[in-house]
Each structure stands twice: as structure tokens, then as C-alpha cells.
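Working notes, beginning with the structure itself.
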Amino acid sequence: MLNLSVLLEDAARETPDRHAVVFGDMRLSYSFIDQVANQVANLLVSRGIKPGDKIAISSPNLPYFPMIYFGALKAGAVVVPLNVLLKQREIAYHLTDSEAKAYFCFQGTPELPLGETGWAGFAEVPTCEHFFLLPTGLDVTESPIEGAELFWAAIGDQPKTFETVVTKPEDTAVVLYTSGTTGQPKGAELTHSNLLTNTMVADTLFERSPDDVFLVTLPLFHIFGQTCVMNVGFYRRATLVLMPRFEPKGAIQLMVKEKVTQFAGVPTMWWALLTDETSPEDVAAIRENLRVAVSGGAALPMEVLKGIKDKFGVDILEGYGLSETSPVCSFNRPDRPTKPGSIGLPVWGVEMKLIDPHSEDEWKTIEGEGPGEIAVRGPNVMKGYYKRPEATAWAIKDGWFRTGDIARRDEDGYYYIIDRSKDMIIRGGYNVYPREIEEVLMTHPQVSLAAVVGVPHDSHGEEIKAYVIRTPGATITEEELIAWSKEQLANYKYPRIVEFRDELPMTATGKILKRELR
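The C-terminal residue of the sequence shown carries number 518 in UniProt numbering, and the numbering is unbroken.
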């Protein structure tokens with residue numbers, strides 16, 4: 001028996017009155033979060049959800065997320081967290097591909113109208129039988145969307161106790177969607193063992209204290225936020241201060257008000273905190289409390305690392321991971337020297353090596369410094385891609401997972417990312433996959449061919465640029481194509497720059513030379 005929900009249950013047993021979640025004026029205890037999670041589990045069972053069924057959730061960083069996440073796990077179900085920026089077409093794809101039986105979706109705001117988008121996507125999926133709307137306030141009594149049940153009304157009569165369903169360590173707990181350079185997004189199956197062991201390992205990497213307070217700006221639907229913030233936080237009975245949308249001044253205010261001790265973010269968040277005109281009083285308050293600073297998701301510029309040290313008096317620790325590895329693979333550990341610019345050393349239980357993807361044997365091990373493609377083996381590596389045996393067989397061999405990231409290794413065993421063998425773009429910490437954007441662009445009747453690349457950007461790290469060959473006689477402009485793309489793709493995916501060309505550089509076999517476009 002092993003169920004990831006033990007993270008919440010154990011905290012609720014040992015520290016029932018401690019604040020688990022802070023959101024605005026709400027301060028919710030571990031016992032309260034656990035009771036609502038039990039009601040969610042009872043609701044799902046009452047609606048015929050069986051162990052192994054998929055439960056999708058679209059929610060920003062709100063108290064709903066841990067309630068539903070752990071409630072579904074208690075019921076033996078599999079959680080499918082969806083990016084809140086997905087549009088109708090994308091939501092329908094994820095619900096269909098995952099075979100979700102129920103869908104919890106935040107009602108949304110004028111800036112993020114999730115409810116209507118989610119409902120439209122849900123309506124296209126006949127196998128998804130239940131739609132639960134997560135209202136913006138407790139005073140909402142009628143569902144604004146026909147056919148959608150309000151969350152609080154649905155769980156209102158459900159018991160607040162529940163006997164957790166027996167699950168095995170190797171059972172799938174979460175399916176996280178990640179794209180490759182070809183085809184549609186794939187669901188990485190992460191087991192209860194994957195996630196629990198990686199949580200416990202990640203916990204050892206961060207200094208802990210009895211009064212830990214985490215600021216949660218990393219989206220909880222992303223594996224970085226799930227494991228390194230929510231799950232680690234619950235494991236150590238910390239208080240999680242939720243922030244649905246990162247904004248530097250708001251983050252500064254919360255860090256001061258709540259006496260935040262730990263903050264994990266992507267480089268663009270650290271850059272925003274560094275460049276914010278923070279008052280001397282606020283800087284002093286943050287310096288007094290902030291003990292742990294973590295960065296991941298993309299390479300952290302050295303100037304940002306040095307600047308944060310000067311401003312807030314804390315060293316940013318960098319690590320490396322992927323959705324398929326739960327995610328932590330390596331880290332600049334507190335018990336060893338920190339090397340700026342490095343992703344550190346493999347964490348406990350994890351092996352890393354370099355392989356040669358260009359050799360006849362793509363898995364050939366490279367000795368010494370490299371460079372080579374990083375391969376990872378350990379208890380953190382996913383079970384596989386859901387319903388994609390060929391993709392799984394390509395990515396995993398003898399327990400080793402090939403990451404697609406090119407790195408070198410120094411004489412002390414520290415790894416340094418130097419390139420990506422995949423064409424993936426990292427925009428503001430979000431992974432963006434060119435092939436998916438290219439395929440959408442080419443559905444436009446005036447687009448003949450498209451190639452998407454990442455170009456340097458001061459605050460986002462990379463920006464998305466599309467090189468487009470128009471169909472003969474086409475008159476579409478750059479602004480019109482960008483506007484159309486914005487309607488088809490999540491906000492972090494659509495290209496902000498479009499350049500029209502008569503031809504694109506290609507190899508003799510017709511492969512577009514993206515390195516020339518970059």
C-alpha cells in the first residue's frame with residue numbers, strides 16, 4: 001500500500017490546526033483541507049469513479065487545487081492537471097487523450113475565463129461524464145454554465161471522513177502532459193512511488209524549520225510546483241501562501257506580510273524581483289526571513305543570481321528536472337560546494353550519464369567531459385507515456401530515460417546544460433514546442449509553410465518567432481496572423497513575431513535548417 005495522499009493525511013493527523021494554505025483572507029488548516037479532500041473522494045466514488053479512472057483539473061493556485069488533487073488520489077483515481085492557459089481545442093484534446101471521466105474547472109475571471117472555455121472543451125468529449133465548476137466565491141449558489149455542477153453544492157452532503165483506497169507504489173498517480181518535437185502532447189505517467197520518493201529527496205535539499213512558509217507562484221499544474229512546493233510543503237507541514245498569478249510587487253508584499261522563508265521560481269520571476277523598485281524596509285524584512293531560494297525551468301543568468309544575493313542576501317540554488325522525472329534529477333546540494341551556472345550533482349538515488357545521440361548506437365555512453373545528451377535512471381523516472389508504447393520505447397531503455405538535453409560534465413561530476421537536442425523553446429519558464437505551433441499555423445488557409453524558433457528575449461528568456469511562407473495570392477499581415485494564432489493557442493504558446501519569407505533554408509532532404517533561422 002502506498003498512496004501519495006499520505007502527504008496530506010499525515011500532516012492533518014500530526015498538525016491539524018496548523019495553517020496549510022493561505023489565500024487572501026483565508027487561512028485554512030491541514031484538518032480542513034483533509035476533510036474537504038475526503039468529501040471530494042466520497043463525491044467521486046458516489047458518481048461511479050473507480051480506482052485508475054482519470055480526473056482532470058483546471059485551476060490556478062487556489063485552495064481548490066490541493067483539495068481536489070489529494071481527494072482524487074484518496075479515491076484511487078489518477079489526477080490529470082491541465083494548464084490553465086489552454087484553449088477549447090486543447091482542453092478537448094487533453095480530456096479525450098487521457099480518457100478523463102470527470103473534470104473540475106475554475107469558473108474563471110474576465111482575464112482568465114476558464115469556465116466557459118473548459119465547458120466548451122468538455123462538451124466535445126462524450127466519455128467525460130462529470131463537470132464540476134469551481135466558483136470564484138463561496139456565495140455563488142447557481143451554476144452560470146448549464147450542465148455544470150457547483151463544487152460546494154456537489155460535496156455539501158458528502159461525509160468528511162474517507163478510508164483511502166489501497167494503491168500500489170507502481171500504480172499511476174498523476175498524468176502530466178508534455179510535448180515532444182513531433183506530434184501532439186503526451187501524458188507522462190508518474191507513479192505514487194515516483195512522486196513520493198522525489199518529494200522526500202527534494203525535501204532533503206532545502207533547509208527546513210518548524211515555521212516554514214512557502215510562497216507559491218509556480219503553477220501547481222506544473223511538476224515543479226507540484227513536487228518542489230506543494231508536496232514538499234505538505235510533507236514538512238509548511239504553510240503555503242498561494243498566488244494565482246505572479247506579479248513582482250504583489251509577491252514582495254506577500255513575502256513581507258507572511259514572513260516567507262522559501263521561494264522557488266523560474267528565472268523570469270527572479271529577474272522581476274531583482275528589477276522591482278523594492279523599498280528598503282521591504283528588502284530588510286525579506287532578508288530577515290527568506291532562507292531558501294530555488295530556481296529551475298530554464299538556465300538562470302549569472303547577473304540575476306549575483307543580483308539576488310546582493311539584494312536579498314540569499315543564494316539561489318539551481319537544479320534540473322523534467323516532467324518525466326517527477327521532476328528533480330540534479331541539484332546544487334547544500335552539503336557540497338555550489339557552482340553558479342551548473343545544474344549540480346545527481347540527487348540521492350538518481351544516476352545521470354551522457355550518451356551520444358548521433359552515433360550508430362544512440363545510447364552509447366560518453367566518458368569524460370562530453371558534451372552529450374543527458375540520460376537519467378532512478379526511482380523518479382516515469383512509468384511511460386500514456387497509451388504510447390512506441391514513444392516510451394524510444395525514450396526509455398534499461399531504466400534509462402533520454403532527456404533530449406545536451407550537457408557537459410566537469411571533473412567534480414557537476415553538470416552544465418549547453419544546448420537542447422530538441423527544438424523546445426522555454427518562454428518565461430514554460431516549455432513551448434515548435435512543431436505543435438507549426439501544425440496549428442499551417443491550418444490557416446493563407447499559410448503554406450511555417451517554421452517556429454525561439455529568439456532571445458530580455459525578460460522571458462526566449463520569445464516565439466514564426467517564419468512563414470504564405471500561399472500564392474495571400475494578403476494576411478503579421479498582425480492578423482498573430483491575432484488568429486492567439487485565438488487558437490494558449491497565451492504562452494502563440495508567436496509574438498512573424499516574418500514572411502519566400503523560402504526557408506533547407507537541407508537536401510527537405511529538412512528546415514532551424515539553426516540558420518535562429
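Ideal Cβ positions, reconstructed from N, Cα and C, are used throughout, including at glycine.
Round the Cβ separation of residue i and residue j to the nearest angstrom and send it over; I've been treating them as touching at under 8 Å.
i	j	result
Arg-27	His-19	5 Å
Val-452	Ile-437	5 Å
Ala-293	Phe-263	6 Å
Ile-426	Gly-461	6 Å
Tyr-414	Leu-345	6 Å
Among residues of its own chain, excluding the 5 on either side of residue i, which ones have a beta-carbon nearer than 7 Å to its beta-carbon?
i	result
Leu-95	Ala-56, Tyr-103, Gly-121, Phe-122, Val-125, Cys-128
Glu-288	none
Leu-73	Asn-3, Leu-4, Ser-5, Val-79, Ala-173
Thr-161	Asn-38
Met-67	Ile-33, Val-36, Ala-37, Val-40
Along the chain, where does the alpha helix (DSSP H) that runs through residue i open and close?
i	result
Pro-389	389 to 395
Arg-515	514 to 517
His-94	88 to 98
Met-255	248 to 257
Ile-437	434 to 441
Leu-481	478 to 488
Give every residue of the same chain whose Cβ lies closer than 6 Å to the Cβ of residue i, excluding the five residues on either side of it in the sequence, and list them in chain order.
i	result
Tyr-235	Leu-7, Thr-199, Asp-203
Gly-372	Leu-354, Ile-355, Asp-356, Ile-366
residue 588	The question about residue 588 has no answer here: the residues shown for the chain are numbered 1 through 518.
Leu-86	Ala-490
Leu-196	Leu-4
Asp-10	none
Tyr-494	Ser-485, Lys-486
Asp-130	Note on residue identity: the sequence assigns His, not Asp, to residue 130. Excluding sequence neighbours, His-130 sits near Arg-47, Ala-102.
Pro-434	Asp-423, Val-452
Assuming residue i is part of the beta strand (DSSP E), what are its boundary residues?
i	result
Lys-186	186 to 191
residue 519	This structure does not reach residue 519, given that the chain is present from 1 up to 518, and the question cannot be answered.
Ala-20	19 to 23
Ala-375	372 to 377
Lys-465	461 to 470
Ala-120	Element bounds for Ala-120: not the beta strand (DSSP E) but the alpha helix (DSSP H), 114 to 123.
Tyr-235	Element bounds for Tyr-235: not the beta strand (DSSP E) but the alpha helix (DSSP H), 232 to 235.
Leu-215	213 to 216
Phe-206	That residue, Phe-206, is in no beta strand (DSSP E); it is neither H nor E in DSSP.
Met-352	351 to 355
Trp-400	400 to 409
Ala-450	447 to 457
Residue i: buried (16+ other C-beta within 10 angstroms of its C-beta) or exposed?
i	result
Gln-253	exposed
Leu-138	exposed
Gly-225	buried
Met-442	exposed
Pro-378	The sequence shown places Gly at residue 378, not Pro. With 16 or more other Cβ atoms within 10 Å, it is buried.
Arg-501	exposed
His-358	exposed
Met-302	exposed
Glu-503	exposed
Ile-418	exposed
Thr-117	buried
Glu-170	exposed
Just to confirm my understanding: we take residue i, look at its own chain, exclude 5 residues before and 5 after, and list those with CB closer than 8 Å. What are they?
i	result
Asp-276	Pro-248, Lys-249, Ile-252
Gly-510	Bear in mind that the predicted position of Gly-510 carries a pLDDT of just 47, short of 50, making it unreliable; the figure below should be weighed with that in mind. Answer for Gly-510: no residue qualifies.
Pro-505	Ile-512, Leu-513, Glu-516, Leu-517
Gly-115	Cys-105, Phe-106, Gln-107, Gly-108, Leu-133, Pro-144, Ile-145, Ala-148
Establish whether the CB of residue i and some CB of chain D are separated by less than 8 Å.
i	result
Lys-259	Included in the structure is just one protein chain, with no chain D present.
Contiguous beta strand (DSSP E) assignments of at least 3 residues, all confined to the stretch 267 to 328: Counting only runs of 3 or more, we get 292 to 295, 316 to 321.
Please give the ranges of any alpha helix (DSSP H) in the stretch 12 to 73, keeping only runs that are unbroken, at least 4 residues long and fully inside the region. Whole alpha helix (DSSP H) segments, 4+ residues: 30 to 46.
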